[in-house]
Amino acid sequence: MAKVPRVLAMTATVVALACLAGVVQSHTYKTGDCPSVEPMSGFSMKQFLGIWYVIQKTGTASTCVIYNITKNPDTPDEYFIEQISQKAPLSIAPIKHEYSYTGKLTVTDRDVPARMTVRFPLSVAGSAKFVIFMTDYDTYAGVFSCQKIPFGHRQSATLLSRTRDLDKIYVDKVSGLLNCKMRVVHRTYEHNEIRGWVGHKIELL
């Protein structure tokens, strides 16, 4: 049997661990109730539909997740949110796998369409708040989610982009607004030779 080069094996492991980090560290756990985050005014869900790349979520530097948001034709004020994760298996072969699952976004108040609830089939805790607090529809978006759990809640902030890369000016814009709404730390990482991007990380304190 032919041996896989050591460099390729190491690359596969690093990429896999990076993707797994996005799964296990994408929320911050807090005591008490979910904080109140003001939704974007004048929000248009029709313009928000489509593909969004997760540039960053609080607690992780992974960019392995894609959202595809579509309208549910059978139910008013309900949308599908498909989460597609690009994940390399923990093996010696540098092969990427994709898996996806679909949840539902529901607008609970038509007067405030940017404030929704989201529910994924694998979530044992039930639905979560899903608030779009900032977007220009064509380039970037900022989303805050929070889910009530026993003895507290878990929350996350997500930076989305219509493309696989997002200019730092937009990252700073979203992070700046988060600083006004809640305590966050924004860090920029150096160029990653494996994935070829400059990572941005935000942390809820």
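Those letters in the sequence shown? Residues -26 to -1, 1 to 179, per mature numbering (1 follows the signal peptide of the UniProt record, and there is no 0), in order. Note that CB positions come from ideal geometry on N, CA and C, so glycine has one too. Treat the numbers as computed from the prediction; the structure is a model and nothing was measured.
Using only the alpha-carbon positions, how far apart do D83 and T91 sit?
10 Å
How close, in whole Å, do the beta carbons of I40 and Y27 come, if the pair is a contact with beta carbons under 8 Å?
6 Å
Reducing DSSP to helix, strand and coil, say where C120 ends up.
strand
Would you mind listing the beta strand (DSSP E) stretches within the stretch 7 to 47 that are 3+ residues and don't spill past its ends, in chain order?
24 to 31, 39 to 45
Output yes or no for whether 8 Å exceeds the beta carbon distance between A115 and T109.
yes
By the 10 Å Cβ neighbour count, where 16 or more other Cβ atoms means buried, how is K20 classified, buried or exposed?
exposed
Distance, Cα to Cα, L140 vs I55?
21 Å
Buried/exposed call for I106, threshold 16 Cβ in 10 Å:
buried
Between the CA atoms of P47 and L152 - distance to the nearest angstrom:
Counting only the Cα atoms, P47 lies some 33 Å from L152.
Could you tell me if S119 is buried or exposed, where buried requires 16 or more neighbouring beta carbons within 10 angstroms of its beta carbon?
buried
Do R89 and residue 181 count as a contact pair if the criterion is CB distance below 8 Å?
Any property of residue 181 remains undetermined from this structure, which presents the chain solely from -26 to 179.
Under the three-state DSSP convention, the category V86 falls into
coil
Contact under 8 Å by Cβ, D51 with V81:
yes
From G150 to I29, what distance separates their C-alpha atoms?
When rounded, the distance between both Cα atoms is 16 Å.
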